[in-house]
DNA sequence: CTTTTTATAGATCATGCGATCAACAAAAGT
DNA sequence: ACTTTTGTTGATCGCATGATCTATAAAAAG
């Protein structure tokens, strides 16, 4: 259950065969395992268990991070970083491609990135804890993704109902909720998320009178 | 900040004017405050702080609940109970009323109940912690609300795309996500949630070719 | 008024946790 | 080979927390 050893950590059962790693490497190793660990047990998981998983002393952790909070910050950064690739604003506003195709491309890729247990759980935990990075991430998402989507929808909307940011949040929320259901609540999810995502987008576009090929 | 006294708890500044309450009353008082407390600080909030809020000794808590977990169970029950009034299955399937009106009635009332900080945060915390009550609640919701909605939609759907449970979850998730955004992530929400809810429902119905008056 | 009951307080225990520090040993430098 | 550097350990501190237990006093019972 717990005596989990990293295969690379060749500690034999006899005693402590200590391995020295270059600081960068060890730090990365710690953060990587910490992501998985805190995602599983919550942010209040204790450092001793984490150290045990790493096959390392608890005190070693404090050689790389002054406090547990500092370690958690590193976890947040690791998790949040590069989750939104910087070319999406451009791709979402590339009007040579139908809006439906753009949205579909974004949300299939994005959902592939975030419908992941570690990410989902840490994002939710840190959100509950009021982490600043959390809000920053959502603001960023609003700026570089949702706002462009709003502009693109506005440019194509046919009826008299104009889209608002709330419509985009609604689209977004409906999709993200799939991940919440499965990874936070532990409920069974859809067999094929892509289909569900495509339908979400179609519902959204239909409401504003936008056809699949614009 | 903390020296919060219940108005009914007339402890003067001089010393301990202890008040004896009938067990049922005190128990209820503890659970009520515990809901607010754990919603704020998370499920790992400590019993001493909670006791302080109640103007009561920490040891008293353990006179009413053998363990902290038992107290948390009581908190879950208190929070989850009567959140879904039992007449909704009937009202949702009452075909003398247009489906749009039924959905609107349900979600305006339901959102009024769940778009509340305490509920939202405890539901999310307990979900993350893997509480059984959480999954039970969602199964229940699926059975008594979402499944009927699916049946009603099926009966009225016009096009060739048939609705599935995932469509209902998508509608539901998009609406619930409003509460998550505001109360878990601490982001600003819509000025008027009812409008957003109405639009969600309209999107949903439009997709299946169902008019506002059926 | 007296006795009995019991809700509550106060002190304390046991443990788990974050954090510290001196000693050790594996590399790196010479 | 010897010295220096530094990644790592092991022991330990201080504190917070859940839980226990006995004494107390407010009601209830007689």
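Residue numbers (this note's numbering), protein chains in the order written: chain G, 4 to 217; chain R, 4 to 217. All C-beta atoms, glycine included, are put in the ideal place defined by N, C-alpha and C.
Residue interval of the alpha helix (DSSP H) (run including residue i)
i                     : result
residue 171 (chain R) : 168-182
residue 42 (chain G)  : 26-44
residue 210 (chain G) : 196-210
residue 78 (chain G)  : 71-83
residue 143 (chain R) : 135-144
residue 126 (chain R) : 120-131
residue 92 (chain G)  : 91-95
residue 115 (chain R) : 102-117
residue 152 (chain G) : 150-159
residue 66 (chain G)  : 61-67
residue 51 (chain G)  : 50-57
Exposure label - residue i; buried when at least 16 CB within 10 Å
i                     : result
residue 88 (chain G)  : exposed
residue 62 (chain R)  : exposed
residue 173 (chain R) : buried
residue 142 (chain G) : exposed
residue 215 (chain G) : exposed
residue 133 (chain G) : exposed
residue 53 (chain R)  : buried
residue 51 (chain R)  : exposed
residue 168 (chain G) : exposed
residue 130 (chain R) : buried
residue 116 (chain G) : exposed
residue 1 (chain R)   : Because chain R spans 4 through 217 in this model, residue 1 (chain R) falls outside it and cannot be assessed.
residue 124 (chain G) : buried
Residue i beta carbon near the ligand FMN (any heavy atom closer than 6 Å)
i                    : result
residue 36 (chain G) : The ligand FMN is absent from the structure shown, which contains no ligand whatsoever.
Cβ-based neighbour list, residue i, same chain, cut-off 6 Å, excluding 5 preceding and 5 following
i                     : result
residue 6 (chain G)   : Per-residue confidence for residue 6 (chain G) stands at a pLDDT of 32, beneath the threshold of 50, marking its modelled position as unreliable; the derived number appears in the next sentence. Excluding sequence neighbours, residue 6 (chain G) sits near nothing in its chain.
residue 185 (chain G) : 192
residue 26 (chain G)  : none
residue 171 (chain R) : 149, 152 and 153
residue 177 (chain R) : 203
residue 105 (chain R) : 95
residue 90 (chain R)  : none
residue 207 (chain G) : 174
residue 21 (chain R)  : none
residue 190 (chain G) : 184
residue 120 (chain R) : 186
Beta-carbon proximity list for residue i, same chain, < 7 Å, skipping 5 on both sides
i                     : result
residue 45 (chain G)  : 128
residue 33 (chain G)  : 57, 64 and 67
residue 81 (chain G)  : 34 and 38
residue 217 (chain G) : 101, 102 and 159
residue 210 (chain G) : none
residue 187 (chain G) : 123, 124 and 127
residue 92 (chain R)  : 147 and 151
Nonlocal neighbours in the same chain, by C-beta distance under 8 Å from residue i, ignoring five residues either side
i                     : result
residue 111 (chain G) : 197 and 200
residue 213 (chain G) : 102, 103, 156, 159, 160 and 161
residue 107 (chain G) : 200, 201 and 204
residue 78 (chain G)  : 34, 37, 38, 41 and 125
Open item on the list: Within 8 Å, do at least three Cβ pairs link the segment 57-76 of chain R to the segment 172-184 of chain R?
Closed with: These segments do not touch.
Open item on the list: Against chain G, which members of the segment 28-60 of chain R pass a CB distance test of less than 8 Å?
Closed with: 45 and 47
Open item on the list: Is it the case that the segment 140-151 of chain R contacts the segment 129-139 of chain G, given that we only count it when at least three CB pairs across the two stretches are under 8 Å?
Closed with: no
TODO: With 9 Å as the C-beta to C-beta threshold (strictly closer), list the residues of the segment 178-190 of chain G near chain R in chain order.
DONE: 178, 179, 180, 181, 183, 184, 187, 188, 189 and 190
- [ ] Anything in the segment 133-153 of chain G with a Cβ closer than 7 Å to a Cβ of chain R? List those residues in chain order, please.
- [x] For chain R, the residues of the segment 133-153 of chain G that bring a beta carbon within less than 7 Å of one of its beta carbons are 133, 137, 138 and 141, in chain order.
Open item on the list: Output needed in chain order: residues of the segment 107-136 of chain R with a Cβ under 8 Å from some Cβ in chain G.
Closed with: Residues 124, 127, 128, 130, 131, 132 and 133.
Task: Contact set between the segment 201-212 of chain G and chain R, restricted to residues whose Cβ is under 8 Å from the partner - done: 202, 203, 205, 206, 207, 209 and 210
Task: the segment 81-108 of chain G: positions lying closer than 8 Å to chain R by Cβ - done: Residues of the segment 81-108 of chain G with a C-beta atom less than 8 Å from some C-beta of chain R do not occur.
- [ ] Output, in sequence order along the chain, the residues in the segment 166-177 of chain R whose CB is closer than 8 Å to any CB in chain G.
- [x] Along the segment 166-177 of chain R, the positions whose C-beta sits under 8 Å from a C-beta of chain G are 169, 170, 172, 173, 174, 175, 176 and 177, read in chain order.
Task: Cβ-based contacts, 7 Å cut-off: residues of the segment 69-80 of chain G near chain R - done: none
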